[in-house]
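Protein chains in written order, with the working numbering: chain R, 41 to 671; chain A, 7 to 317. Even for Gly, the Cβ is constructed at its ideal location relative to N, Cα and C. These notes are about the structure you will find just below.
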Amino acid sequence: MTTDELIWRIAGGSGDGIDSTSQNFATALMRSGLDVFTHRHYPSRIRGGHTYVEIRAAGHEVQSRGDGYNFLLALGDSFARNPQDDAYYGNEELKPLSENLDELNEGGVIVYDEGLLDDEDVAEIDLEERAEENGWHVYPVDLRGLAKEHGREVMRNTAGVGITAGLIDMDIEHIEDLMEDAMSGDVLEANLEILREAYGMVDEFDTTHELTVPTGAHDTGQALLSGSNAIAYGAIDAGCRFISGYPMTPWTDVFTILSQNFPDMGGVAEQVEDEIAAAALAVGASHAGAKAMSGSSGGGFALMSEPLGLAEMTETPIVLLESMRAGPSTGMPTKPEQGDLEHVLYTSQGDSSRVVFAPGNVEEAYEQTRLAFEIAYDYQIPTILIYDQKLSGENTNVDVEFFDREPAPDLGSTLTEDELKEAAHDASGKFERFSYDGEDGVSPRSIPGQKGGRFLATGNEHTPSGHISEDADNRVLQMNRRLEKLDVIREELDEGETNQTYVGPDDADYGLITWGSSQGAVFEAVDRMNDAGHSIKAVSVSDMMPLAESELVAFIESVDEAMVIEMNATAQFRGLIQKELGRYGEKLTSLLKYNGNPFEPAEIVESCEIRLDGGAGEPSAQVRIEPAAGD
Amino acid sequence: MSAFNAIGDDREIDRDEYTPEVEPQPTWCPGCGDFSVLKALKQALPEVGRTPDETLLVTGIGCSGKLSSYLDSYGFHSIHGRSLPVARAAKLANPELQVIAAGGDGDGYGIGGNHFIHSARENHDITYIVFNNEVFGLTKGQTSPTSPKGHKSKTQPSGSAKDPLRPLSLGLNAGASYVARTAAVNPNQAKEILVEAMEHDGFSHVDFLTQCPTWNKDARQYVPYVDVQESDDYDFDVTDRREAADMMYETESALYEGTVLTGRYYVDEERPSYQEEKRAVGELPDEPVAERYFDEDAEWERSYDLLERHT
Ligand SMILES: Cc1ncc(C[n+]2csc(CCOP(=O)(O)OP(=O)(O)O)c2C)c(N)n1
Ligand code: SF4
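Rendered as structure tokens:
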């Protein structure tokens, strides 16, 4: 068991306040100087059912969930009990304890709610024997009773946090502060009493474990944010003031954040009848001069394919989000997967020209959202951010200063009325919107209501003046012009601050390639393997279309073999690389995981070692090694 | 400083301003009812006082969808059935624009049916013109949602087994605050109704009966019309939902056999538009979103100022 980090898992029923409790505890850990990373596991139901949140905290940087965990606070599922004592939500109250044991590390600590979980039930899962085998330290506490005594039963979360803090020797000052910010009056008083009493109770315990809260100290202010927060904030700073959408997990998070903030910022948020409308609204709003965004998850994004094409053909800038969950179809609504890559790259008819970014962590989510707006409005092209349920919901601490940027509300290649006076017009006085001066494929646009700017936008192929046309020469000209933008964008992205992130020694001869939210676990695995004497490096790619070709070529060329790591069953990113680069079939292998849970670093370490040993053996976890062509 | 100088320009507008001096020439068939819509619109717009540069016409797909190509205003020829969401958003981004959406019966009542219902329900301040020729024109005469029962086409060779949709009743029940029907063969009324519809503050739905001589020679769109408001036989209060609904029922039942009635069926001046409602709850800014991007003094809020809740 690693002792320099705390990996705390709080488990209970959905609706038991697990989320807010863990959010506060994570914030308290961050405030005490630690780096934190959260991982949320929940079923697709509103109340009851087993759910947990894991918080990993350390005095050093953490970029991923850990391997297993070392502290379980099992609250029991209160919804498994009906107030009338009939099983109403199912007889599952033990699950928060029983379901979590497999991943608890050796020497781990267990606190469970004696007030809720029957002794007989607990006996049934052989807790004592298993604890002995694994060296676990078990502390049954009547959290429910303690909560009821001072307030209400729901406050047993607070009691659990108090016990935790006591057991790991953590100062409760930050927890108290957070409670004071969030509550007041009797509720606050009751919670504080419960917290302090629980904290104090530990003094009476006969403690046997050694786990304590790690120490850390930040130099600068920190903020605890999810990927969804970062995307929403990136959009705000990019000047986005229009969002339209239809709820679908997990994209709803961004939609909610912006819907709540836009009224105070002079922005417009619209919940509409379906996703076709949602994306079409983004097109309409952008056409009329707003910086506009929409988005969805798998199935909803499928409906957006049609307006996406419209944006491409009319060269209307929009930003779309695709927050993936496991598919096909409705799939596993609350589980992450990276299975929609091909869908996002290729959906919609015709030779498409869109730009796709895949941020790999919270900071990249912010940066690339800003970049997505910049590229969309400079080049009049739809841009898409593809990310997943994991990045949507995971919270990481980020330096506050990181967000201290100037807003960039620039409408890109849009003309002012003065500039329009100089522009080309036809004999009717219509602005020649799609005429082209041969520079970078971009023909500047006007906005309805501007004097002298009127033009026709159409989803049909059209002439430089915007008239529908099936003329062969015109078709080739327009098509080439639209496609040319991608080449120019590729150049711009290559020259700019790179979106690809690397770890490991340059001269390593084994390489890992990953994308999106798998980044953290991969990078951590690389660090560990290098510490253990291997020589491995990794790249996390964000520019999916246009693909970061030159960087990938250089990386692949520099190693003997590279393993592409992604959360899907069909090796979609590896397929993209081989398609775009036209080779490397024999040099690329895959590590795939698609059971609904994100990678843990140890799975990656184990799988790499299997490959490094010459390909013998099978990984033990639910991951799959896909050999190279000809292997 | 205004970024959109075309907006609010109150000069006299000549109807010729709406006619492009150069191509494209309409590709509609001779005798097509769509010409009448274009003509009525060109006559109505100057009366409403809107310049071409402050007018945005969003159309769907089909013969009707070409309308935006032939009107010299800002235009957006979108995709099949989606004119309404595009138009709605444009109006939200810049409520000062005159926004009109138009398309066929297949476009608006079929594939775009969901958008029609919700645009009417929300009472967006836009005008929606549906060219109702009871047939899919551009794809060569298939049955449409308004084709009469028994209508024979290439895709329903034995005659349609479906009852036609009742667009006026649907518009009313969905929540449109202005519902009218007019007809290509009745140009004066058509112009008047379009003027009213565009001046109306809320969702104005105009079912425009257009003839398709190429695919639908049997349709009753060719017969002369009776204006319900001008006939003593049909006395009803257009501001009364119930009476309007009864009249619509009669009209829509009779269209395929009896007298064809056109005119205003429902006018609700009291109901606030969606834009007003949204502004009232603080979800639509007083100044158009679009204007801020051109305003050098605009203050842009930063995400940095929101971080406190995360620290
Ligand atoms: C998504 C989609 N489905 C089908 C079509 C083919 N399509 C083009 S026009 C049309 C019918 C249009 O009929 P209507 O709306 O009544 O207009 P009209 O041509 O009669 O004016 C269809 C089905 C299309 N363009 N897009
Ligand atoms: S096919 Fe019918 S609707 Fe289309 S242009 Fe010809 S007459 Fe008009």
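Check your understanding: If we ignore side chains and look at the alpha-carbon of each, how far apart do residue 56 (chain R) and residue 242 (chain A) end up?
Key -> Within the first sequence, residue 56 (chain R) is the residue found at index 16, counting from 1. Within the second sequence, residue 242 (chain A) is the residue found at index 236, counting from 1. In a straight line, the C-alpha of residue 56 (chain R) is about 58 Å away from that of residue 242 (chain A).
Review point. Are the CB atoms of residue 421 (chain R) and residue 351 (chain R) nearer to each other than 9 Å?
Key: For this step, residue 421 (chain R) is matched to residue 381 along the first sequence. For this step, residue 351 (chain R) is matched to residue 311 along the first sequence. Against a cut-off of 9 Å, the Cβ pair of residue 351 (chain R) and residue 421 (chain R) comes out as a contact.
Check your understanding: How is residue 583 (chain R) classed by DSSP in three states: helix, strand or coil?
Key -> As a first step, residue 583 (chain R) must be located in the first sequence, where it is residue number 543. Three-state result, residue 583 (chain R): strand.
Review point. Using a beta-carbon distance below 9 Å, is residue 272 (chain R) in contact with chain A?
Key: By one-based count along the first sequence, residue 272 (chain R) stands at place 232. Interface residue, yes.
Point to revise | Collapsed DSSP secondary structure at residue 247 (chain A) in the structure displayed | key: Residue numbering aside, residue 247 (chain A) sits at position 241 when the second sequence is read from its first letter. Helix.
Check your understanding: Using a threshold of 8 Å, is the CB atom of residue 575 (chain R) nearer than that to any non-hydrogen atom of ligand 1?
Key -> Numbered from 1 along the first sequence, position 535 holds the residue referred to as residue 575 (chain R). No, the beta carbon of residue 575 (chain R) sits no closer than 8 Å to any heavy atom of ligand 1.
Exercise for review: Say whether the region 128–147 of chain A touches the region 220–233 of chain A, bearing in mind that this needs 3 or more beta-carbon pairs closer than 8 Å, one atom from each stretch.
Suggested key: yes
Exercise for review: With 9 Å as the threshold, decide whether the Cβ of residue 376 (chain R) is near any Cβ in chain A.
Suggested key: To locate residue 376 (chain R), count along the first sequence from 1; it is residue 336. No, no contact with chain A.
Point to revise | Whole-Å CB distance - residue 180 (chain R) paired with residue 44 (chain R), under 8 Å assumed | key: Position 140 of the first sequence holds residue 180 (chain R). Position 4 of the first sequence holds residue 44 (chain R). Rounded, the Cβ-Cβ distance is 28 Å, inconsistent with contact.
Exercise for review: Take the Cβ of residue 130 (chain A) as the centre, count every other Cβ of all protein chains shown within 10 Å, and call the residue buried at 16 or more, exposed below.
Suggested key: Position 124 of the second sequence, counted from the first residue, corresponds to residue 130 (chain A). Residue 130 (chain A) is buried by the Cβ-count criterion.
Check your understanding: Is there at least one non-hydrogen atom of ligand 1 closer than 8 Å to the beta-carbon of residue 120 (chain A)?
Key -> The count along the second sequence starts at 1 and reaches residue 120 (chain A) at position 114. No, ligand 1 has no heavy atom inside 8 Å of this Cβ.
Exercise for review: Measure the beta-carbon distance from residue 307 (chain R) to residue 580 (chain R) and round it to whole angstroms, keeping in mind my assumption that it falls under 8 Å.
Suggested key: If you number the first sequence from 1, residue 307 (chain R) lands on position 267. If you number the first sequence from 1, residue 580 (chain R) lands on position 540. With 8 Å as the limit, residue 307 (chain R) and residue 580 (chain R) do not qualify as a contact, their Cβ atoms being about 32 Å apart.
Review point. Which value, in whole angstroms, describes the spacing of the CA atoms of residue 323 (chain R) and residue 235 (chain A)?
Key: Against the first sequence, residue 323 (chain R) aligns to sequence position 283. Against the second sequence, residue 235 (chain A) aligns to sequence position 229. Between residue 323 (chain R) and residue 235 (chain A), the C-alpha separation is close to 40 Å.
Review point. According to DSSP, what are the bridge partners of residue 180 (chain R)?
Key: As a position in the first sequence, residue 180 (chain R) is number 140, starting the count at 1. Note: residue 180 (chain R) sits in a beta bridge opposite R:152.
Review point. In its own chain, which residues sit with a C-beta less than 7 Å from the C-beta of residue 218 (chain R), not counting the 5 before and 5 after it?
Key: Along the first sequence, one-based indexing puts residue 218 (chain R) at 178. So the list reads 64, 67 and 68, once near-sequence residues are dropped.
Review point. So, does the CB of residue 145 (chain A) fall closer than 9 Å to a CB anywhere in chain R?
Key: One-based indexing of the second sequence puts residue 145 (chain A) at position 139. Residue 145 (chain A) does not count as touching chain R.
Point to revise | C-beta contact flag for residue 628 (chain R) and residue 604 (chain R) at 9 Å | key: Looking up residue 628 (chain R) in the first sequence gives position 588. Looking up residue 604 (chain R) in the first sequence gives position 564. In this structure, residue 604 (chain R) lies closer than 9 Å to residue 628 (chain R) by Cβ.
Exercise for review: Answer with yes or no whether the minimum CB distance from residue 95 (chain A) to chain R is below 9 Å.
Suggested key: Mapped onto the second sequence, residue 95 (chain A) falls at position 89. Yes, its Cβ sits closer than 9 Å to a Cβ of chain R.
Point to revise | residue 356 (chain R) beta carbon near ligand 2 (any heavy atom closer than 8 Å) | key: As a first step, residue 356 (chain R) is located in the first sequence; it is residue number 316 there, counting from the start. No, since every heavy atom of ligand 2 falls outside the 8 Å radius drawn around the Cβ of residue 356 (chain R).
**Study point:** Cβ-heavy atom distance, residue 304 (chain R) to ligand 2, below 8 Å
**Key:** In the first sequence, the residue the question calls residue 304 (chain R) occupies position 264. Every heavy atom of ligand 2 is 8 Å or more from the Cβ of residue 304 (chain R), so no.
Practice item. Identify the contact partners of residue 508 (chain R) in chain A, using a Cβ-Cβ distance below 8 Å as the criterion. Key: The residue given as residue 508 (chain R) occupies position 468 in the first sequence. Those are 30, 72, 75 and 83, listed as they occur along chain A.
Point to revise | Contact test: residue 217 (chain A) Cβ vs ligand 2 heavy atom, cutoff 8 Å | key: Within the second sequence, numbered from 1, the residue matching residue 217 (chain A) stands at position 211. Because some heavy atom of ligand 2 lies under 8 Å away, the Cβ of residue 217 (chain A) counts as near it: yes.
Point to revise | Neighbourhood of residue 223 (chain R) by C-beta, 7 Å cutoff - its chain only, sequence neighbours within 5 removed | key: For this step, residue 223 (chain R) is matched to residue 183 along the first sequence. 231, listed in sequence order.
Check your understanding: Residues in the region 472–502 of chain R with C-beta within 8 Å of chain A's C-beta atoms, listed in sequence order?
Key -> 487, 488, 489, 490, 491, 492, 493, 494, 495, 496, 497, 498, 499 and 500
Practice item. Please state whether DSSP places residue 639 (chain R) in a helix, a strand or coil. Key: Locating residue 639 (chain R) in the first sequence gives position 599, counting from the first residue. Three-state result, residue 639 (chain R): coil.
Review point. Residue 427 (chain R) bridges to which residues according to DSSP?
Key: As a working mapping, residue 427 (chain R) is identified with position 387 in the first sequence. The partner list for residue 427 (chain R) (beta bridge, DSSP) reads R:363.
Check your understanding: CB residue 451 (chain R) to CB residue 80 (chain A), shorter than 9 Å?
Key -> Within the first sequence, the letter at position 411 stands for residue 451 (chain R). Within the second sequence, the letter at position 74 stands for residue 80 (chain A). No, Cβ-Cβ distance for residue 451 (chain R) and residue 80 (chain A) is not below 9 Å.
Review point. Closer than 9 Å, CB to CB, is residue 214 (chain A) near chain R or not?
Key: Translated into positions along the second sequence, residue 214 (chain A) becomes position 208. False, the Cβ-Cβ gap to chain R never drops below 9 Å.
Practice item. Might you give, ordered along the chain, the residues of its own chain that have their beta carbon closer than 7 Å to the beta carbon of residue 100 (chain R), omitting 5 neighbours on each side? Key: Working through the first sequence from its first residue, we reach residue 100 (chain R) at position 60. Here the set comprises 75.
Point to revise | Per-residue contacts from residue 306 (chain A) into chain R (C-beta, under 7 Å) | key: Counted from its first residue, the second sequence places residue 306 (chain A) at position 300. Near residue 306 (chain A) (Cβ distances below 7 Å), the residues of chain R are 279, 447 and 449.
Exercise for review: Please list the residues of the region 61–84 of chain R that have a C-beta atom closer than 7 Å to any C-beta atom in chain A, keeping them in chain order.
Suggested key: none
Review point. What separation, rounded to the nearest whole angstrom, lies between the Cα atoms of residue 125 (chain A) and residue 360 (chain R)?
Key: As a position in the second sequence, residue 125 (chain A) is number 119, starting the count at 1. As a position in the first sequence, residue 360 (chain R) is number 320, starting the count at 1. Rounded to the nearest angstrom, the two C-alpha atoms are 23 Å apart.
Review point. Apart from the five residues just before and just after residue 471 (chain R), which ones in its own chain have a Cβ nearer than 8 Å to its Cβ?
Key: Residue 471 (chain R) sits at position 431 when you count from the first residue of the first sequence. The answer, listed in chain order, is 460, 463, 464, 465, 486, 492, 493, 494 and 495.
Exercise for review: Would you verify that the beta carbon of residue 10 (chain A) is, or is not, closer than 9 Å to some beta carbon of chain R?
Suggested key: The residue labelled residue 10 (chain A) in the question sits at position 4 within the second sequence. Yes, residue 10 (chain A) lies at the interface with chain R (some Cβ there is under 9 Å from its Cβ).
Check your understanding: Would residue 134 (chain A) count as contacting chain R if we go by Cβ distances under 9 Å?
Key -> The residue given as residue 134 (chain A) occupies position 128 in the second sequence. So no, residue 134 (chain A) is outside the interface.
Review point. Do you know how far the Cα of residue 214 (chain R) is from the Cα of residue 72 (chain R)?
Key: By one-based count along the first sequence, residue 72 (chain R) stands at place 32. By one-based count along the first sequence, residue 214 (chain R) stands at place 174. Near 7 Å, if we compare the C-alpha coordinates of residue 214 (chain R) and residue 72 (chain R).
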